[in-house]
Amino acid sequence: MLLQVPCVLDSEQVAHCRELLATAEWVDGSATAGSQSAQVKNNRQLPEQSPVAQRLQQIVLDALLRHALFYAAALPKKIFPPLFNCYSGSSNFFGSHADNAMRTHVATGYRVRSDLSATLFLSAPGEYDGGELVIEDTFGEQRVKLPAGDLILYPSSSIHRVEPVTRGARIASFMWLESMVRDNAQRRLLFELDMAIMDLRQQQGDSDTSIRLTNTYHNLLRMWADS
Ligand code: NI
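Counting in my numbering, the sequence shown runs from 933 upward without gaps.
Shown next, in the form of structure tokens:
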């Protein structure tokens, strides 16, 4: 399931992140790539441990964990500290690749199984040409380019790429996360049930039916989640 999560950051927060990023020093993005993806990766990234990256990571993580739709869809257990990248000039694409299943944070040894990948757009679509995130889904290729502050959540098991940026700069944050519910189909079912219960409660208020469905949701989560 691909899900667009709107307004993870509001325009003020995006502007603040962009100010911080304007002061940052970018390095070759191949530092965090596996051996296959390093061959097709041509972009720049913030060094993971730089003070600017750490401040930005905190802003993004705080925003994500407060976002109800993101939480309902991802059911996050662990989030790898978000990384930041820039596609522009001659460092302007990332060819088709698979994301590594396991990610170890070098400084802390913190290990995350990548069930879900996410890209948070920090440049507005009008600031650059190209730069679409292309995800090979079971329904075919999905081409994604979102407003600044919006995020796309997709299964890490999908092959994906970033098209060449031919004008301007595409700045984004990206991250991997391990979900409490490992299986994509189970997680999707829980998300759809959760959304249906919310609709029902909005239309009718709490009722015996919404309480029984909520109970079923939590019993499924109990069956499938690990903490
Ligand atoms: Ni990737």
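In this text, a Cβ means the ideal position worked out from N, Cα and C, and glycines have one as well.
Of the residues the options, the one placed nearest residue i, counting alpha carbons only
i       : options                               : result
Ser1020 : Gly1041, Asn974 and Met1034           : Asn974
Arg976  : Gly961, Gln990 and Asp994             : Gly961
Val937  : Arg1119, His999 and Thr1146           : His999
Arg987  : Val972, Phe1002 and Gln945            : Gln945
Phe1016 : Ala1039, Gln990, Gln1118 and Asp1061  : Gln990
Leu1122 : Ser1105, Gly1137, Ala1104 and Asn1147 : Asn1147
Arg1119 : Met1107, Leu1152 and Leu1145          : Leu1152
Trp958  : Leu934, Val984, Cys939 and Gln971     : Val984
Pro1013 : Phe1002, Gly1027 and Val1038          : Val1038
Gln968  : Asp942, Ala1030, Asp1126 and Met1034  : Ala1030
Thr1098 : Leu978, Tyr1060 and Asn1032           : Tyr1060
Ala1033 : Pro1087, Lys1077, Gly1062 and Glu951  : Pro1087
Val1044 : Ile1011, Ser1105 and Asp1140          : Ile1011
Pro1096 : Ser1022, Ile1143, Tyr1149 and Ala954  : Ser1022
Asp1126 : Gly1137, Ser1142 and Leu934           : Ser1142
Met933  : Phe1106, Met1107 and Glu1073          : Glu1073
According to DSSP, residues forming a beta bridge with residue i
i       : result
Ser969  : Beta-bridge pairing links Ser969 to no other residue.
Gln936  : Ile1084
Asn1147 : Looking at the DSSP assignment, Asn1147 forms no beta bridge with any residue, so it has no partner.
Thr1036 : Arg1043
Phe1016 : Ser1105
DSSP three-state assignment for residue i, whether helix, strand or coil
i       : result
Phe1071 : coil
Leu978  : coil
Leu1048 : strand
Tyr1003 : helix
Arg1102 : strand
Glu1064 : coil
Met1130 : helix
Met1107 : strand
Ser1022 : coil
Ile1091 : coil
Asp1140 : helix
Pro1008 : strand
Asp994  : helix
Short CB-CB distance (under 8 Å) between residue i and chain B
i       : result
Ala1004 : Checking the listed chains, one finds no chain B in this structure; it contains a single protein chain.
Between the stretch 1066 to 1077 and the stretch 1089 to 1098, can you find at least three pairs of beta-carbon atoms closer than 8 Å?
yes
Are the stretch 991 to 1011 and the stretch 1103 to 1122 touching by the rule of at least three beta carbon pairs closer than 8 Å?
yes
Kindly confirm or deny that the stretch 1039 to 1059 and the stretch 1072 to 1092 touch, where touching means at least three C-beta pairs closer than 8 Å.
The stretch 1039 to 1059 vs the stretch 1072 to 1092: in contact.
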